[in-house]
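Remarks on the structure that follows.
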Amino acid sequence: MPELPEVESVRRDLVRRRLKGARVVRVRTSGKPLRMNTPVPTAVLGKAARGRRITGVSRLGKYLLVEIDGPLSVMVHLGMTGNLLIVPRHRPWAPHTHVVFELDDGRDLRFVDPRRFGMVDTVTRGREREHAALAELGPDPIAEGIPDGHLWERARGKSAKVKTFILDQRVVAGVGNIYASEVLWLARISPRRKAGKLGAEDARAVAVAIDEVLRFAIDNGGTTLRDFVDAGGEPGSNGEFLLVYGRDGTPCLRCRTTIRRQVDQGRATYFCPTCQKR
DNA sequence: ATCACGACCTGGAGGC
DNA sequence: TGCCTCCAGGTCGTGA
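Below is the structure:
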């Protein structure tokens, strides 16, 4: 579920629900490991957050950063099925609730993740990039923008397919499998094209499409295929407006050719074989 | 170094 | 109803 637009939708909803200003009174965890079988660092989270006030929520690519009035921020990645929810304390824990920040206003901030592909950790504020997960992230296309020429420079010499290339978080932070298909359709680039074969114009078209696709999705509150909801439990509506993802067998919105599905490195790609020729 | 692939984990959908 | 297979928003480790 969670690519950049979904994570940004959660971030905005957390702000809207006044997470900022709340004080953490206790941190509780399920004891189950998350991504890569890594244990949730319960003691470190408690030390970072207990008794402290939340001062803001920011985002880097698909990572959320809950800032606290101490030296550490809490970093959250939603994986495939993670949700970060604000709920009243009296509500029973949903299945697969793995980390709970109890707040002084009677609410909880809860991380729920059935598949446990997500992660929760701490980072030093001001030195976020020193965390291994953030160290190599490319520019955030919304928060920072993609510099002119960046994609073309990074693509030079690459024999990987262009779709793989834009999914690489070291190139650009935030594009995932849904929006990769959307971006290539909008830019009229074939997903079969090798990244290194992109011309400067093609690369620029990809950068423009990334910006447009992600902003549009954010405006719609993100895409909910199945699991994604914001901090209040509300799904996003962008699924209604997808241009090509999941539309195999139906006519291309531009040229009416039947949309095809192919699998690249184990992941579904949707594209129009006629108008994605670049 | 780069790339393709399988693994990680759970649950929902669809076929029989 | 139940069992089976396939599929899913992401990343990481392996081996060629």
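In case it helps, the working numbering puts the first sequence at residues -2 to 275.
The beta carbon of each residue, even a glycine, is placed where N, CA and C say it ideally should be.
In this text, all values refer to a predicted model and were calculated from it rather than measured experimentally.
* Candidates Leu75, Thr266 and Leu195: which alpha carbon is nearest glutamate 179's? -> The count along the first sequence starts at 1 and reaches residue 179 at position 182. The option with the nearest alpha carbon to glutamate 179 is Thr266.
* Cβ-based neighbour list, glutamine 262, same chain, cut-off 7 angstroms, excluding 5 preceding and 5 following -> On the first sequence, position 265 is the one that residue 262 refers to. Around glutamine 262: Thr161.
* CB-CB under 7 angstroms to aspartate 10, same chain, minus the five flanking residues each way: which ones, in chain order? -> As a working note, residue 10 is residue 13 in the first sequence. Asp227, Ala228 and Gly229, listed in sequence order.
* **Rounded separation between aspartate 105 and threonine 26 - CA only** => In the first sequence, residue 105 corresponds to position 108, counting from 1. In the first sequence, residue 26 corresponds to position 29, counting from 1. Between aspartate 105 and threonine 26, the C-alpha separation is close to 12 angstroms.
* Do isoleucine 139 and valine 159 have their C-beta atoms closer together than 7 angstroms? -> Here residue 139 corresponds to residue number 142 of the first sequence, with the count starting at 1. Here residue 159 corresponds to residue number 162 of the first sequence, with the count starting at 1. With respect to the 7 angstroms criterion, isoleucine 139 and valine 159 are not classified as neighbours on the basis of their beta carbons.
* Might you give, ordered along the chain, the residues of its own chain that have their beta carbon closer than 6 angstroms to the beta carbon of glutamate 3, omitting 5 neighbours on each side? => On the first sequence, position 6 is the one that residue 3 refers to. So the qualifying residues of the chain are Gly219 and Phe225.
* In three-state DSSP terms, what is threonine 39? -> Position 42 of the first sequence, counted from the start, is the residue given in the question as residue 39. In the structure shown, threonine 39 sits in a helix (DSSP, three-state: H, G or I).
* Go to aspartate 105, then tell me how far its beta strand (DSSP E) extends in each direction, as first and last residue. => Taking the first residue of the first sequence as position 1, residue 105 is located at position 108. Start and end: 104 to 109.
* Asked: Under three-state DSSP, which class holds isoleucine 163?
  -> As a first step, residue 163 must be located in the first sequence, where it is residue number 166. The answer is helix: DSSP assigns isoleucine 163 an H, G or I state.
* Decide if the stretch 115 to 129 is in contact with the stretch 71 to 80; the criterion is three or more beta carbon pairs, one per stretch, under 8 angstroms apart. => yes
* Asked: How should glutamate 276 be labelled, buried or exposed, when 16 other C-beta atoms within 10 angstroms of its C-beta is the threshold for buried?
  -> Since the displayed the chain opens at -2 and closes at 275, residue 276 lies outside it and no answer follows.
* **Sequence-distant residues of the same chain with beta carbon closer than 7 angstroms to alanine 152, five excluded per side** => By one-based count along the first sequence, residue 152 stands at place 155. Closer than 7 angstroms at the Cβ level, and outside the excluded window around alanine 152, lie Phe162, Ala192, Gly193, Leu195 and Ala200.
* What residue does the alpha helix (DSSP H) around glutamate 209 start on, and which one ends it? -> As a first step, residue 209 is located in the first sequence; it is residue number 212 there, counting from the start. Judged by DSSP secondary structure, glutamate 209 falls within the alpha helix (DSSP H) whose first and last residues are 197 to 216.
* To do: Could you tell me the boundaries of the alpha helix (DSSP H) in which serine 6 lies?
  => Here the question's residue 6 lines up with position 9 in the first sequence. Looking at the DSSP string, the run of the alpha helix (DSSP H) that includes serine 6 is 1 to 13.
* **Ranges of the beta strand (DSSP E) found wholly within the stretch 122 to 199, counting only runs of at least 3** => Those beta strand (DSSP E) runs which fall completely within the stretch 122 to 199 and span 3+ residues do not exist here.
* To do: Look up alanine 46 in the DSSP assignment and say whether it is helix, strand or coil.
  => The residue you call residue 46 lines up with position 49 of the first sequence. It is helical.
* To do: For alanine 46, I'd like the list of residues in its chain whose CB is within less than 7 angstroms of its CB, leaving aside the five on either flank, ordered along the chain.
  => Here the question's residue 46 lines up with position 49 in the first sequence. Residues Val21, Val24, Ile65, Val71 and Phe98 of the same chain have their beta carbon placed closer than 7 angstroms to that of alanine 46, with the five preceding and five following residues left out of the count.
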